[in-house]
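A quick write-up on the structure given underneath.
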Amino acid sequence: MTISKSTPILVTGATGFVGSYVCRRLLAAGYEQVFAHRRATSQLDLYPPEEVAQLQWREADLEDYFAVEDMLAGIQVVIHCAALVSFQPGDKRRLLAVNRDGTSHVVNAALCQGVEFLIHLSSVAALGRNGKD
Numbered sequence: 198m199t200i201s202k203s204t205p206i207l208v209t210g211a212t213g214f215v216g217s218y219v220c221r222r223l224l225a226a227g228y229e230q231v232f233a234h235r236r237a238t239s240q241l242d243l244y245p246p247e248e249v250a251q252l253q254w255r256e257a258d259l260e261d262y263f264a265v266e267d268m269l270a271g272i273q274v275v276i277h278c279a280a281l282v283s284f285q286p287g288d289k290r291r292l293l294a295v296n297r298d299g300t301s302h303v304v305n306a307a308l309c310q311g312v313e314f315l316i317h318l319s320s321v322a323a324l325g326r327n328g329k330d
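By the count of this note's numbering, the sequence shown reaches residue 330 at its end, each step adding exactly one.
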């Protein structure tokens with residue numbers, strides 16, 4: 198499959214630092230169907246108003262598999278940037294729910310929906326700190 202300028206691309210975590218950058222680069226490169234994932238409570242502060250209007254927003258909680266599956270309907274490329282970053286010991290369960298389980302939901306839903314390409318961006322920060330640090 199060739200990724201053309203009209204290929205439907207969805208970026209998860211589009212209101213975060215990395216995801217917003219990816220969306221902005223796709224728009225600047227002339228991609229016409231950029232879908233941006235966000236949680237219902239996410240802020241759009243990283244975007245100028247004209248870019249908010251250019252993106253096609255889809256809301257979903259990555260902890261809800263069926264919401265993720267619905268979000269990926271009609272999408273051919275997923276760029277998965279969504280992650281929770283926290284170094285607080287009390288956030289461990291939430292880190293696992295979003296970063297491990299949410300990613301699993303994205304991968305499995307992408308397979309079910311026939312997504313052609315999945316790109317996963319992450320860092321060691323998604324795992325939290327070692328208790329010795």
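All residues carry an ideal CB built from backbone N, CA and C; glycine is no exception.
Asked: For threonine 300, the three-state DSSP class (helix, strand or coil); Found: helix
Asked: Cβ-Cβ separation, valine 265 to valine 303 (assumed contact under 8 Å), whole Å; Found: 6 Å
Asked: Contact check, leucine 318 vs cysteine 278, beta carbons under 8 Å; Found: yes
Asked: Cross-strand partners of alanine 233 (DSSP beta bridge); Found: Val208 and Trp254
Asked: Glutamine 285 versus arginine 255: straight-line alpha-carbon distance, rounded; Found: 29 Å
Asked: Terminal residues of the alpha helix (DSSP H) in which leucine 292 lies; Found: 289-292
Asked: Inter-residue CB distance, histidine 234 and alanine 211 (contact presumed, cutoff 8 Å); Found: 5 Å
Asked: Proximity of valine 215 and isoleucine 272 at Cβ, strictly below 8 Å; Found: no
Asked: Valine 275 (DSSP reduced to helix, strand or coil); Found: strand
Asked: Range covered by the alpha helix (DSSP H) that runs through phenylalanine 263; Found: 262-268
Asked: Cβ neighbours of aspartate 267 in the same chain (closer than 8 Å, five flanking residues each side left out); Found: Ala257
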